[in-house]
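Worksheet for the structure shown next.
Protein chains: 2
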Amino acid sequence: MTQNVYKSHDHHACIDSAVAEARRLCDEKGVRLTPVRQRVLELVWDNHKPVGAYDLLPKLAEEGFNSAPPTVYRALDFLLDLGLVHRINSLNAFIGCNHPGHSHPTCFFVCRECGMAQELDATPLNEIARQAEQQLGVRVEQQMTELMGLCPRCQKAS
Amino acid sequence: MTQNVYKSHDHHACIDSAVAEARRLCDEKGVRLTPVRQRVLELVWDNHKPVGAYDLLPKLAEEGFNSAPPTVYRALDFLLDLGLVHRINSLNAFIGCNHPGHSHPTCFFVCRECGMAQELDATPLNEIARQAEQQLGVRVEQQMTELMGLCPRCQKAS
DNA sequence: CATCAGAATGTAATATTATAACCTAAACTG
DNA sequence: CAGTTTAGGTTATAATATTACATTCTGATG
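First to last, the sequence lines map onto chains A and B. Numbered per the working numbering, the first sequence spans residues 364 to 521. Numbered per the working numbering, the second sequence spans residues 364 to 521.
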């Protein structure tokens, strides 16, 4: 399943593989991973904390990219559509997805102290969707779960 | 479990029981259900669609209440703390809770066409939280699931 | 009852997040 | 290479939320 962000790991490898995966996916779908889209993806992957759209703007500006809100929102929308990033609604922030390409129910744990996010296996959510469909007759198209609390590190620190 | 909002029902009774429940809870906790707080609660319950903070402002103004953003956000924060309303993060909107008073994992289905929200039994979420706690060592304090799709009515309409 | 403390509200300003609208440039397509 | 689609540039503004500080109300206590 998803990696454990609380274990130390070679984060450059995380970023590289995210970009490689993105490139593969874009080729497959015949869409373009333009420089600004790729750079936004890399910046989102910069660490395991969800990042706000407006945090990206100055970074893009530094590097000579255009940097008005529509630029970054367009790039993020593109990446969201492909499942390369997810939006954490409770934070108005974005985080890389480590198994993009197939739409899937989404589930994150976010630490209220350090802000790091850990993607979780969302399989049990399918049960909720299935029940809702059977009992209420709704049709579920998307789902997102957000857990909040303290990560192992921040528990120790307090 | 939770009521089915797609079945016709006496909605005045929904509102009345929400207010009665709020009053009981406030008495129990020794906090005050002031006029503006009660009115905000009623307005949130006005129908089964999540309502934005800024939608409430003109309604409060009409009725002679003060109506600046802090007024409505304070009232909503108060109601959120007591579990009388929930916030639907994907919509930046608020909806009444029909079993307030004990903190619980929250789960809503929201129709992308009509916007109505249906609270669901979130018990299966506990499984996700339990697994995250065991496998990752995190401590889960809050959780929220949002499902999106088409409600029975809007499926027929299309 | 007078006074005091804490809770609640009033008010103005501003911060943060996101989108609209319209134009220009680049890249595929036949 | 002409036409079309896709992407990006630019300006302005909409929508959501908070800060900071002044004022008023409420309930407790002497």
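For each residue, glycine too, the CB sits at the ideal point set by N, CA and C.
Taking the C-beta atoms as reference points, B:Thr508 is found no nearer than 8 angstroms to B:Cys477. In chain order, Ile451, Asn452, Ser453, Leu454, Asn455, Met507, Glu509 make up the part of chain B whose C-beta sits under 9 angstroms from the C-beta of A:Asn452. In the same chain as A:Ile451, and ignoring 5 residues on each side of it, the C-beta atoms closer than 8 angstroms to its own belong to Pro413, Phe457, Ile458, Phe471, Val473, Ala480, Glu509, in chain order. Taking 8 angstroms as the Cβ-Cβ cut-off, the region 365 to 376 of chain B approaches chain A at Asn367, Tyr369, given in chain order. Cβ neighbours of A:Phe441 within its own chain (closer than 6 angstroms, five residues either side excluded): Arg400. Counting other Cβ atoms within 10 Å of its Cβ, A:Gly393 stays below 16 and is therefore classed as exposed. In this structure, B:Pro463 sits away from B:Gln506, with a CB-CB distance that is not shorter than 8 angstroms. Contacts with chain B at 8 angstroms (Cβ-Cβ) include A:Gly500.
Between B:Leu396 and B:Ala416, the C-beta spacing is not below 8 angstroms.
In chain order, Asn461, His462, Gln481, Glu482, Leu483, Asp484 place their CB closer than 8 angstroms to the CB of A:Thr365, counting only its own chain and leaving out the 5 sequence neighbours on each side. The beta carbon of B:Leu419 lies closer than 7 angstroms to those of Val403, Leu406, Val435 in the same chain, with the five residues before and after it left out. With a threshold of 8 angstroms between beta carbons, A:Cys460 makes no contact with chain B. Under the three-state reduction of DSSP, A:Phe471 is assigned to strand.
Taking B:Ser430 as the centre and dropping the five residues before and after it, the same chain places the C-beta of Leu420, Pro421, Leu423, Ala424 closer than 8 angstroms to its C-beta, in chain order.
If one requires a minimum length of 4 residues, the alpha helix (DSSP H) runs lying completely within the region 390 to 451 of chain B are 398 to 407, 416 to 425, 432 to 444, in chain order.
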